[in-house]
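Protein chains in written order, with the working numbering: chain E, 1372 to 1625; chain Z, 115 to 335. Ideal placement from N, C-alpha and C gives every residue a C-beta, glycine not left out. Predicted model, so just to flag it, every value in this text is computed and none were measured. In what follows, a structure is listed as structure tokens, so that the remarks can point back to it.
This is how it looks when you write it as structure tokens:
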């Protein structure tokens, strides 16, 4: 059982207004692996990530979280009930480019909110987890302030703690550092690096090449909705097979 | 006899009217806000037909003059065999009418609410009703505060119409006193003062809530 991949994407396709944003994507994310998804903007990488917890609905293909298919009920072939979908989403953490902390709640409340109301934990239990996770991302000192008072990097670290608190089987990161000031990028990447060392399964859409190279187990490259290259980072960055990736890496390095 | 003395002698009528106005306003404001929130929730739902029905109701409330709605409930319903006391008819009229407006206020703020806040909740396993209760509603209410304050004051003033369907509230009390002693100026001045007091309380409450909002970064005073 333990060798079931964390996420299995099979022949995934999606269109937006007749534009194919994902074409026949196959991808396996094994447990404990970090997979980075690279590609220029508009290549479909965020859409692919957002399909993995059904924030976007693909037109064709399947996605399994562990052994369970997300979005479509296998027996009826109908969209899942809201309840079923919510239950699977609990197992998948997500960190957004724009943080999306809930502004009406304090830092600590942001972390405990889903524990209390989705996982129905007791206050003590939820608070204990919040303390642990906020400490891990170095945000315990700010636990009682509202998100508005935080810098982007701090917000993102809280958002990571909020996701980790749910003890997800896999964490999805959607360009987690793209909205940050350059000097704030490091603190978020450091947290993510630490998570990878602790064995978290992560799928990261990113433009941070160094990070992808240092932390990933696999690098995936998307171009116009197609997965055109998939390789371990050393191979991807030193000896890419496709011309498009060579070109991309050259542009990025300049 | 001094006209102010006459007013003073009628203080029980004014005081009774004031309490009744306060009660009518308080209950209908509370129920109206709840109705507004409920309508917003239903409008988020998946059923097109329900949405259309609700849209029709809201449009009706926005089109009908409040006084006619009160007339309909108090004088019209008995024709169908439903007889309501003046106070109950008034309460229902206020609640339905302002509930529809509260819903419109919430809806406008719901539209501009960042989608990401909801996606974050969904991604954390919140189901529909929880996303609404825990994330959408608090944010929508926080951003709606100035508009809610306005609508509450309109709701307060609409209670005055209810004297026409024999509800004993402030305006009815003032009208009774002025008709009996023919001192309209002073009687209505007192009524205005009483409405003003409640308005000040509303403004104070909204400002207090607004401070909580400001602390959380909702951009209004």
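- By the neighbour-count criterion, in which a residue is buried when 16 or more other Cβ atoms sit within 10 angstroms of its Cβ, residue 283(Z) is buried.
- Boundaries of the alpha helix (DSSP H) around residue 1606(E): 1604 to 1609.
- Under the three-state reduction of DSSP, residue 1578(E) is assigned to coil, being neither helix nor strand.
- By the Cβ-count criterion, residue 125(Z) is exposed, with fewer than 16 other Cβ atoms from all chains shown falling within 10 Å of its own Cβ.
- Residue 1594(E) sits buried, since 16 or more C-beta atoms from the chains shown fall within 10 Å of its C-beta.
- The alpha-carbon of residue 1599(E) is positioned some 10 angstroms away from that of residue 1410(E).
- Neighbourhood of residue 1454(E) in chain Z, by CB distance below 8 angstroms: 241, in chain order.
- Straight through space, the alpha carbons of residue 224(Z) and residue 254(Z) are spaced by roughly 6 angstroms.
- Taking 8 angstroms as the CB threshold, residue 158(Z) stays off the interface with chain E.
- Annotated three-state conformation of residue 1403(E) is coil, per DSSP.
- Taking all protein chains in view, the Cβ of residue 1493(E) is surrounded by fewer than 16 other Cβ atoms within 10 Å, so the residue is classified as exposed.
- DSSP places residue 1389(E) in the coil class of the three-state scheme, outside both helix and strand.
- Interface flag for residue 1426(E) against chain Z is set, since a Cβ pair is found closer than 8 angstroms.
- Under the 8 angstroms Cβ criterion, the segment 1426 to 1442 of chain E does not count as touching the segment 1508 to 1515 of chain E, having fewer than three qualifying pairs.
- Secondary structure at residue 196(Z): coil, using DSSP grouped into helix, strand and coil.
- Listed by position along chain E, the residues whose Cβ is nearer than 7 angstroms to that of residue 249(Z) are 1473.
- Secondary structure note for residue 302(Z): its alpha helix (DSSP H) is the uninterrupted segment 298 to 329.
- Between residue 155(Z) and residue 246(Z), the C-beta spacing is below 8 angstroms.
- Residue environment for residue 133(Z): exposed (fewer than 16 other C-beta atoms within 10 angstroms of its C-beta).
- If only complete runs of 4 or more residues are kept, the segment 154 to 211 of chain Z shows the alpha helix (DSSP H) at 162 to 177 and 180 to 185, in order along the chain.
- Rounded to whole angstroms, the gap between the alpha carbons of residue 1469(E) and residue 1559(E) is 13 angstroms.
- In this structure, residue 281(Z) sits away from residue 121(Z), with a CB-CB distance that is not shorter than 8 angstroms.
- One Cα belongs to residue 215(Z), the other to residue 1547(E), and the distance between them is close to 40 angstroms.
- The criterion of a C-beta distance shorter than 8 angstroms is not satisfied by residue 231(Z) and residue 219(Z).
- Under the Cβ criterion (8 angstroms, minimum of three pairs), the segment 1452 to 1467 of chain E counts as touching the segment 233 to 243 of chain Z.
- Excluding sequence positions up to five before and after residue 287(Z), its CB lies within less than 6 angstroms of the CB of 127, 128 and 131, all in the same chain and listed in chain order.
- The three-state reading of DSSP puts residue 128(Z) in helix, counting H, G and I together.
- Listed in chain order, the non-local C-beta contacts of residue 1445(E) below 8 angstroms within the same chain number zero, local neighbours out to five positions each way being set aside.
- Counting only unbroken stretches of 3 or more residues, the beta strand (DSSP E) elements lying wholly within the segment 1435 to 1479 of chain E are 1463 to 1466, in sequence order.
- Taking C-beta separations shorter than 7 angstroms and ignoring five residues to either side along the sequence, the partners of residue 168(Z) in its chain run 153, 156 and 157, following chain order.
- In this structure, DSSP gives residue 1556(E) a helical state, which the three-state scheme calls helix.
- Annotation: residue 1500(E) has no Cβ neighbours in chain Z at a cutoff of 8 angstroms; minimum Cβ distance is about 13 angstroms.
- Residues of the same chain with a CB within less than 7 angstroms of the CB of residue 1472(E), apart from the 5 flanking positions on each side, are 1481, 1518, 1526, 1529 and 1530 in chain order.
- Taking 8 angstroms as the cut-off, the Cβ atoms of residue 1402(E) and residue 1576(E) do not count as close.
- Neighbourhood of residue 231(Z) in chain E, by CB distance below 8 angstroms: 1471, 1473 and 1474, in chain order.
- Chain E places no beta carbon closer than 8 angstroms to that of residue 289(Z), leaving this residue out of the contacts.
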